[in-house]
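K.L.:
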Amino acid sequence: MKILHVCLAAFYIDNYSYQENLLPKYHKVNGHEVEIIASLQTFDNNGEPTYLHNESRYKNENDIWVNRIKYLNDWNIIKKLRLYDDFSHIIERFKPDIIFIHGCQLSTLKPIIKYKLNNPNIKIYVDNHADFSNSATNWLSLKVLHKKIWKRKA
């Protein structure tokens with residue numbers, strides 16, 4: 067089975083033990099073909115959030131292809147809204163049977179929706195760890211991002 071992990075709602079850090087790292091690893095261990103689409107957001111050597119400079123495609127420590135895709139532009143609001151360049155070509159090339167979306171707080175869902183409409187037998191799974199303990203911590207985040215934008219996208 068081909069499983070695509072979409073890690074665009076937040077950072078993706080190579081060589082860590084977050085679920086974004088472990089689920090693809092063990093899907094591969096179990097014999098599945100696995101690929102990852104990830105944002106340019108990561109952590110530096112001091113554990114601080116940072117952004118990679120360029121799109122890239124590479125094999126990670128588990129021999130899994132990682133596709134780092136860029137935002138529409140470098141404006142902070144674009145990064146906050148998770149607006150990405152079209153990544154349909156990555157999905158179409160891989161042809162997944164399952165798409166696993168890690169976090170639903172992203173604005174660029176059209177490539178996934180388009181693929182699902184053209185391939186109705188695939189399964190899409192979404193996990194979400196956002197709640198009041200770690201999200202919507204100020205008025206703008208609560209009233210605009212969560213109650214207006216993310217609510218419509220989810």
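Note that the working numbering has the sequence shown beginning at 67, numbered continuously upward. C-beta atoms are modelled at their ideal positions from N, C-alpha and C, and glycine is treated no differently.
Report yes if the CB atom of residue 124 is closer than 7 angstroms to the CB atom of residue 137, and no otherwise.
P.N.:
Here residue 124 corresponds to residue number 58 of the sequence shown, with the count starting at 1. Here residue 137 corresponds to residue number 71 of the sequence shown, with the count starting at 1. Their beta carbons are not under 7 angstroms apart, which means residue 124 does not touch residue 137 by this criterion.
K.L.:
Does DSSP put residue 93 in a helix, in a strand, or in coil?
P.N.:
Here residue 93 is taken as the residue at index 27 of the sequence shown, counted from 1. Of the three classes helix, strand and coil, the one that applies to residue 93 here is helix, per DSSP.
K.L.:
Do the stretch 68–81 and the stretch 161–173 touch if we need at least three Cβ pairs shorter than 8 angstroms?
P.N.:
They touch, by the three-pair rule.
K.L.:
Between residue 104 and residue 148, is the Cβ-Cβ spacing less than 7 angstroms?
P.N.:
The residue labelled residue 104 in the question sits at position 38 within the sequence shown. The residue labelled residue 148 in the question sits at position 82 within the sequence shown. No. Outside cutoff.
K.L.:
Who pairs with residue 160 in a beta bridge, going by DSSP?
P.N.:
On the sequence shown, residue 160 is found 94 positions in, with the first residue counted as 1. None, per the DSSP bridge assignment.
K.L.:
CB residue 68 to CB residue 162, shorter than 7 angstroms?
P.N.:
Residue numbering aside, residue 68 sits at position 2 when the sequence shown is read from its first letter. Residue numbering aside, residue 162 sits at position 96 when the sequence shown is read from its first letter. For residue 68 and residue 162, yes; Cβs fall inside 7 angstroms.
K.L.:
Which residues in the same chain have their Cβ closer than 7 angstroms to the Cβ of residue 160, if we skip the five residues on either side of it in sequence?
P.N.:
For this step, residue 160 is matched to residue 94 along the sequence shown. If we look at residue 160 and ignore the five residues flanking it on each side, its Cβ neighbours are 68, 70, 101.
K.L.:
In this structure, what does DSSP give as the bridge partners for residue 170?
P.N.:
Stepping through the sequence shown from its first residue, residue 170 is reached at position 104. DSSP lists no partner for residue 170.
K.L.:
Between the C-alpha atoms of residue 178 and residue 83, what's the straight-line distance to the nearest angstrom?
P.N.:
Here residue 178 refers to the residue found at position 112 of the sequence shown. Here residue 83 refers to the residue found at position 17 of the sequence shown. Between residue 178 and residue 83, the C-alpha separation is close to 26 angstroms.
K.L.:
May I ask you to report which of helix, strand or coil DSSP gives residue 71?
P.N.:
Indexing the sequence shown from 1 puts residue 71 at position 5. In this structure, residue 71 counts as strand in the three-state DSSP scheme.
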